[in-house]
Every structure is written in C-alpha cells, then in structure tokens.
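So the protein lines, in turn, are chains A and B. The numbering of the first sequence is this note's numbering, which starts it at -2 and goes up by one. The numbering of the second sequence is this note's numbering, which starts it at 134 and goes up by one. Glycine residues also receive a C-beta, built at the ideal position from the N, C-alpha and C atoms. The structure under discussion appears below in the form of structure tokens.
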Amino acid sequence: MTTTDSPAFEIRGLTKRFDEKVAVDNLDLTVPSGSFYGLVGPNGAGKTTTLSMATGLLRPDSGQISIHGVDVWTNLIAAKSIIGNLSDGVRLFDRLTGLQLITYAGLLSGMDRDVVVERAGELLTLLDLEGAGSTLVIDYSAGMSKKIALACALVHAPLVLVLDEPFESVDPVSAANIRDILEGFVGSGGTVIVSSHAMDLVQRMCDHVAVIANGRVVASGTIEEVRAGSTLEDRFVELVGGRRHGEGPAWLRRS
Amino acid sequence: MVATLVRLRFLLLFNTIKSSPWQIVATIAGGLYGLGILMVVVTALIGLSFAPPELARTAIVLGGAALILGWTILPALTAGIDQTVDPARLVAFPIPLDTLLVSLTVSGVLGVPGIVTSIAALAAAATWWQYPLAALVAVVCSAIGVLTAVVGSRMLIALGSRLNAGRRSREARSAALIVALLLIAPIVMFGGQFIRQLSADLPRIADIVAFTPVGAIWAVPADVATGDFGRAGIEFLIGLATFGVFLALWRFGLARALETPERSSSISTSTRGLGLFGVFPGSATGAVAARALTYWVRDPRYAQSLISIPVIPIVILFIAGAGENLAPLNIVGPVVALLLALSIYTDVSYDNTAYALHLQTGVSGRADRLGRVIALATFAVPVCLVATVATVWVVDTWYLLPALLGVTGGVLLTGFAISSVISGAVIFGVPAPGESPFKSKPGGGFSLMVSMLVTWTALIILVLPSLALALMTWATGNMAYGWAGLLVGLGLGSVLLVIAVRVGGNVLDRRGPELLVQLQQQK
C-alpha cells in the first residue's frame, strides 16, 4: 500500500537501548512526502541509530515506523524496495570496481542487468567518477567512496532517500553536483532525509529540519519555524546547549 | 620516555584483552601453549648439559641460528609481529630516533615471544653450568643473541616499509608466503630423508654455521668450554658485529620510514566492464555468486584457505608412513572436498559490515546462501572430481571410483549445507578486509577451533551412509555397494543442501539486523 499522499516517514515512540545506554528515547518524527528533510544533532545524539532503524538495518526495541504507509518492520522487503540508503560507518565490497559495485547493488535489488548497467554508467558520470568505474573501490579516496555508496543508493530509483552524512569528505564541486541531483529528485516528488553536521548546508539545502539530542527530537518543522528568525547554527546551539564561552586555557595564549 | 612507550604497549595489550571474556580465555590458552613449548625446550637444554660438549654445541648453534633467522624473516613475510606500538603512529610526536629504537627493542623483549625466547636463551646458558667460565660468557652471549633476534624482527620491516606501503605489496607478500608454505611439503619430504642421512654430518654443518652472522654468537660458550679461545674470540666478534649491523640497518630504515610515511598505492588494478557480473545470470543469486567468486580471486583471505589443498596428498602419504603402498591416497578426494566445502563457513564474517548492502537491498537470504555456494562450486566440483579420479588412477583402484565419488560428492554437498547454515548464524573473529590473512584476532582462533570441531563431527555423521557403503566396497570388492554409495552420497547431500539453503536463508532473513550489529562490534 504505497501512496505518496501519506507521509514519507511516520515514526512513533521509537526506542533503542544498547546495554544501559538509551540511544533513541521514545522518538517521534514525521517527514512529509516530497520534503528535503535535514536531521541535525550533536555527536552521539542517536541520528545514525534512528536512520538505521528507519531503514530496516537495526531492530528497534519498541515503536512504529512506516514509510508511505508501509510498516517497515512487518514488510521489510516492500519497505526496502522504496528506500535508497547510504549508511555511515559501514564498509563497502571494496574489491569490486565502481561499476561492479553499483551493478551488484542493482542486481541485489532485483533489477534487470541491462537497466542496471545503463544507469550505473549514467551515475558514474553524474558523480564525477567516469574515470574511476574500472578502478577497485579499495583504491578510492574517502570522498569517492561516499559518492559510489550514494550511487548504490540511487540505482534502483527509490521513492525515499535516506543519506547519513552524505557530504563528509566530498569535495565542493562534487557536493554541489550531488545537491543538484537531490534537488531534482525532490522536485520530481521524491523525499530526501539527510543527516549532517554542516548547519549552513542544511539551512540552504533543506526545507524541513529536526534537531535531535539525547535520542529525542527537541525541535522539528520547516527551516523557518525551527530557526525562528535566528540562524540554524545559533538556534541549534541554543537547543542543544554545551557551548562554552571563554578564550581557552591561559597557557595556550601567546601574549 | 622509554618507560612511557613501553607502558603504552602493555596498556594497548591489556585493553585488547579486556574487551571480551573470550579474548581472556584465548590469551590464557596461548600463554599455556607457549609455556608448554618452553618447558620442553628448557628440559632438553638442561639435559644437554650432561651430554658431550660437541653435541650441546651442535644443538645450540643450529637452534640459535634458526631462532635469529626465524625472528628476522617471519615478521617480514607475515607483517604479523606485534605492532601494538607502530612507529608510523608515533610520527607526529617529537621523539628522538634513538629513544624510539630503545623503546621498541625493550617492548619487543618484554612481549610474550620475547620473554619465551629470553628464557630459552638463558636455559641455553645454563647448559654450560659444569664450565663456570663458559656459563658466564654464555649469559652475555645469550643476551646479545636475543637482542639480535628482536632487532632483526624490526629491521627487515623497517627497511621494507616503503615497499610495504600500499595494498598491492601486501597482497604480493601474502602470495609469496603462500608459495613458501606450498614449498614446505616437498622440503619436508625430501629434507626429512636428507637430514636422516646427514645426521652424522650435523656437527660439521654446525661448524660452518658457527661462522655465519646468525650462528656465531651461540657457538662462543661451547668453544670457551672446550678451551678453544681463539675460535671463541672470532665468533664473538662476528656475533657482536651482526648485532651492530642489524641495529644500524634498522636505525637507517626507521629514519627513512619516518620521513616518508606510508602513502596509499598509486598503482591500481582495473577491470574493464562487468567482469564476472557479466558472466553469471543477471539475478540476485547470480550477482552474489559473481561477487563471491571475484573475492576468491582478489581477496588473499580466501586464497589462504586454498593453501593446504595441494599439500594434502603428501601429508596423507606421510601420515600413512610413505611406503610402497599407495592405498591411503584414495582418501585424498574426500579430504579435499571437506576442506573446500567448509572454507565458506566464515563467509559473512569475511564480508564484515559490507554485508549491510545485502540488508539494504533486501535480497532474500536464500539467494545469498545459494550464490555463495555456486561461486565455490564452480571450482570445488572440478577440483574434487580431478582429485578423486587422479588418485584412483595412480593407485589403480578403479573398482572404488563410484564409491569414492559418492563419498567425495556427499562430503562436498553436505559441507556446503553445513557452511550455509553456520556462516549466516555465527560471526567469527576473522581478519577484516584488507588485513593480513594470517593475522589472528585474539580470541578468534579459539572460537574457530570449537566450531570446527562441531562442524567436522556433524559432517562426518551426516556422510556416514555413503562412507559405510564405500567401506563395504573396499572390504568385499563388490562394486554394487559402490554404485549404491554414489547414489546415497549425492542424493542425501543434495537433500541436505536444499534444506540448508532454506534454513540458512530463513535465518538470514530473520536475524539480518542482529547479524549486522555483531559484525559492527567485530570491526
């Protein structure tokens, strides 16, 4: 039951604990269909854990997640076929060439080989990786690895893109090209969720944002609602806290 | 500074051990194993003190030379020495080169292998207790010998570190080691006889080794004991010079390595087009098979599990007491099948967190299981077939062929089945992608051993029917039993494989996320 009218993501009461530590604490989040949604929060706030559970990679302790009306954890296959996922901190099958890796991802999603190969070539060009299609992924730089992982997330033409730190170590030109791709995707009715530490980028690129701290959403809505007249960065610091004022230790000052 | 660096080494070691109870168990088991070897060596050396000095000299010189050679060459091949304090990670700190040299030497001596070597070397000195002067000299010489060994272990690595930078050379080195391991078998086979014939000549060989850099220092006490002071003096100088040269070379290599830190390799392998992905069917199962087979070719961790295959016939002949009777060769086929079939039961562990792609795409567990089996079968089936037919041909036991094919096929199929269930259910501590295939994770070896015991037992029980029929053929010479064995072996194996792919696939579908959590902890 996939309808683009229902929210892209509907998360209710999501909870996950690792041993004693509560990583995600009764989190609620609604991502409207067709939105470009930013997810920001300090290190260890639970962003990656939330996204892993939302994409069917990590089983929640409790809570409901549905994507366009499809309950993720009772219809894993159906949910995964409409998600394109870029996970942070997992390895790639890096002894394949770039072209082989994208092809592998496409074939695993059940696509036709001819279609996969055609799209893989297109993606390599779009992501400035033309020359690298026949190079083993293990020889890629960090930024190139990010881009090839993004290509793997895009190849099966998903409805919803979930990208964990997609711009980390990506050069500015490629980052701009990726933004064009994502904006085009949103413009045509797709939904994108990105987690990022770059507040400026989120403020310029996204139309919605949620601030996560200690496993909970502390603010969410359109960018305008959340930043409330201030910049997103100032508002973030205000919401999350922990900013210190001062000039650093005395012994570090030169005069 | 030296004390700080040595303390750092132990801190790193304890933190690794502490991280899981299994690692504590494995460390204790490893320690006991080392202790056992040490007891044997020390007892033997003390025993030598009651033997004629010539015998003690021969044993100690040859053993000592092997010790220094082993310390020097093995780490360079495996890169498996204790790199807990890796000089490359200390580049950013302002540590004088000589301080670094001393710290690394001290931490080398204080490691488990260092301590074992030191105790053994001291025991070698104790061999001369009946000659007080020689014993005194021996303590000094043993200390120099141990230091030479420890410095030697660092020397080749430091000298080669520019070569070592980059993945290609690491892989080339693994390949070199694999070839070297392959050569061990013929060396043992011919060398064993050779040594038996030459055992009378061993003292003369020791005489020659005593003038080589690696053997000289160990010969000094013996020559002092027998009163040949001139010889002892020359040997002592050779030994001391060796230590000096090793130290200078290490210093030079380390200085250069610190100035030109590791770069990632600029040479890259490239494959035009799809490679195996264009050969296998364009389905999810075909894709998994293409990926797995590509890894068999490109990932040294897989190649490593094939090392033992060519050696098997020789080992079997040896165990059976190499004689005119070639009959034991008949079991080569089943043994090769066993090793090949069980080589993928750490498959998901080898994937590491790259396995996340299988989860993200929602590929069915059944396609995953079947693909991996197909990749292995593409070469395992021909290899087993050739091995079985070849041995039957060599031994001239054609009447056993159907029976043996039944057992081999049964073992192969049943092994595929067991691997398919286990690799998706249990995560083992294996070397991560890109790491040396010979690197053992603390605690990994132990759990691997336990599971190996279980899987081998299960496998043997499951192939008992075809095994029994093969034995009947052999006992009665009636080929009807053999044909029955062929049918039973292949039939039963196929049924088990079909069931296992379903069960293993269901386990993956159900427990995929939990598996990924375990893989992430493994990292």
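CB contact check: residue i to chain A, cutoff 9 angstroms
| i | result |
| --- | --- |
| residue 401 (chain B) | Its pLDDT being 47, under 50, residue 401 (chain B) is placed unreliably in this model, and the value from its coordinates should be taken loosely. At least one chain A Cβ lies under 9 angstroms of residue 401 (chain B). |
| residue 522 (chain B) | no |
| residue 651 (chain B) | no |
| residue 557 (chain B) | no |
| residue 503 (chain B) | no |
| residue 416 (chain B) | yes |
| residue 655 (chain B) | no |
| residue 392 (chain B) | no |
| residue 410 (chain B) | yes |
| residue 564 (chain B) | no |
| residue 432 (chain B) | yes |
| residue 423 (chain B) | yes |
| residue 567 (chain B) | yes |
| residue 479 (chain B) | no |
| residue 427 (chain B) | yes |
Closer than 7 angstroms at the beta carbon, the chain B residues around residue i
| i | result |
| --- | --- |
| residue 61 (chain A) | Residues of chain B passing the Cβ test: none, with the nearest at roughly 16 angstroms. |
| residue 73 (chain A) | 495 |
Heavy atom of the ligand GTP within 8 angstroms of residue i beta-carbon
| i | result |
| --- | --- |
| residue 631 (chain B) | With respect to small molecules bound, the structure shown includes none, and the ligand GTP cannot be examined in it. |
Beta-bridge partners of residue i, as assigned by DSSP
| i | result |
| --- | --- |
| residue 14 (chain A) | A:19 |
| residue 216 (chain A) | A:208 |
| residue 161 (chain A) | A:192 |
| residue 68 (chain A) | A:63 |
| residue 359 (chain B) | None, per the DSSP bridge assignment. |
| residue 80 (chain A) | A:157 |
| residue 435 (chain B) | Per DSSP, none; premise fails for residue 435 (chain B). |
| residue 36 (chain A) | A:192 and A:207 |
| residue 9 (chain A) | A:61 |
Partner residues on chain A for residue i, Cβ-Cβ distance less than 9 angstroms
| i | result |
| --- | --- |
| residue 485 (chain B) | 87 and 88 |
| residue 561 (chain B) | By Cβ distance, chain A contributes nothing, its closest Cβ being about 17 angstroms from residue 561 (chain B), past 9 angstroms. |
| residue 511 (chain B) | Ordered by position in chain A, no residue passes the 9 angstroms Cβ test against residue 511 (chain B), which lies about 17 angstroms from the chain. |
Beta carbon proximity, residue i to chain B, threshold 9 angstroms
| i | result |
| --- | --- |
| residue 109 (chain A) | yes |
| residue 250 (chain A) | no |
| residue 11 (chain A) | no |
| residue 48 (chain A) | no |
| residue 113 (chain A) | yes |
| residue 76 (chain A) | yes |
| residue 91 (chain A) | yes |
| residue 131 (chain A) | yes |
| residue 153 (chain A) | yes |
| residue 80 (chain A) | yes |
| residue 135 (chain A) | yes |
Chain-order list of residues whose beta-carbon lies under 7 angstroms from that of residue i (same chain, five-residue window excluded)
| i | result |
| --- | --- |
| residue 232 (chain A) | 223, 224 and 225 |
| residue 388 (chain B) | 230 |
| residue 588 (chain B) | 475, 478, 551 and 555 |
| residue 401 (chain B) | Only weak support is given to the placement of residue 401 (chain B): the predicted model assigns it a pLDDT of 47, under 50, and the question is left unresolved by the model. |
| residue 247 (chain B) | 241 and 283 |
| residue 76 (chain A) | 53, 64, 67 and 69 |
Contacts that residue i makes with chain A (C-beta to C-beta distance below 7 angstroms)
| i | result |
| --- | --- |
| residue 660 (chain B) | Residue 660 (chain B) is absent from the model: chain B starts at 134 and stops at 656. |
| residue 489 (chain B) | 54, 84 and 87 |
| residue 435 (chain B) | Ordered by position in chain A, no residue passes the 7 angstroms Cβ test against residue 435 (chain B), which lies about 10 angstroms from the chain. |
Within chain A, partners of residue i - CB distance below 8 angstroms
| i | result |
| --- | --- |
| residue 420 (chain B) | 100, 101, 104 and 105 |
| residue 647 (chain B) | 56 |
| residue 643 (chain B) | Those within 8 angstroms of residue 643 (chain B) in chain A number zero; the least Cβ separation is about 10 angstroms. |
6 angstroms Cβ shell around residue i - same chain, five flanking residues per side excluded
| i | result |
| --- | --- |
| residue 386 (chain B) | 291 and 292 |
| residue 364 (chain B) | 356 |
| residue 637 (chain B) | 502, 553, 554 and 557 |
| residue 111 (chain A) | none |
| residue 214 (chain B) | A caution first: residue 214 (chain B) carries a pLDDT of 45, below 50, which makes its placement in the model too unreliable to give a value. |
| residue 410 (chain B) | 423 |
| residue 178 (chain B) | 256, 257 and 260 |
| residue 48 (chain A) | 159 and 161 |
Residue i: contacting residues in chain B (beta-carbon distance under 8 angstroms)
| i | result |
| --- | --- |
| residue 96 (chain A) | 406 and 407 |
Interface residues of chain B facing residue i [CB-CB closer than 9 angstroms]
| i | result |
| --- | --- |
| residue 149 (chain A) | 490, 493 and 494 |
Cβ shell of residue i (< 8 angstroms), same chain only, five flanking positions each side left out
| i | result |
| --- | --- |
| residue 135 (chain A) | 91 and 92 |
May I ask you to verify whether the stretch 469 to 489 of chain B touches the stretch 78 to 93 of chain A, counting CB pairs closer than 8 angstroms and requiring at least 3? yes
Under 8 angstroms: do the stretch 139 to 147 of chain B and the stretch 233 to 247 of chain A share three or more Cβ pairs, one atom per stretch? no
Are the stretch 505 to 518 of chain B and the stretch 90 to 106 of chain A touching by the rule of at least three beta carbon pairs closer than 8 angstroms? no
Can you confirm whether the stretch 6 to 21 of chain A touches the stretch 593 to 609 of chain B when touching is taken to mean that 3 or more C-beta pairs between the two stretches lie within less than 8 angstroms? no
Kindly confirm or deny that the stretch 157 to 166 of chain A and the stretch 176 to 190 of chain A touch, where touching means at least three C-beta pairs closer than 8 angstroms. yes
Should the stretch 200 to 217 of chain A be regarded as contacting the stretch 29 to 40 of chain A, the criterion being three or more beta carbon pairs within less than 8 angstroms? yes
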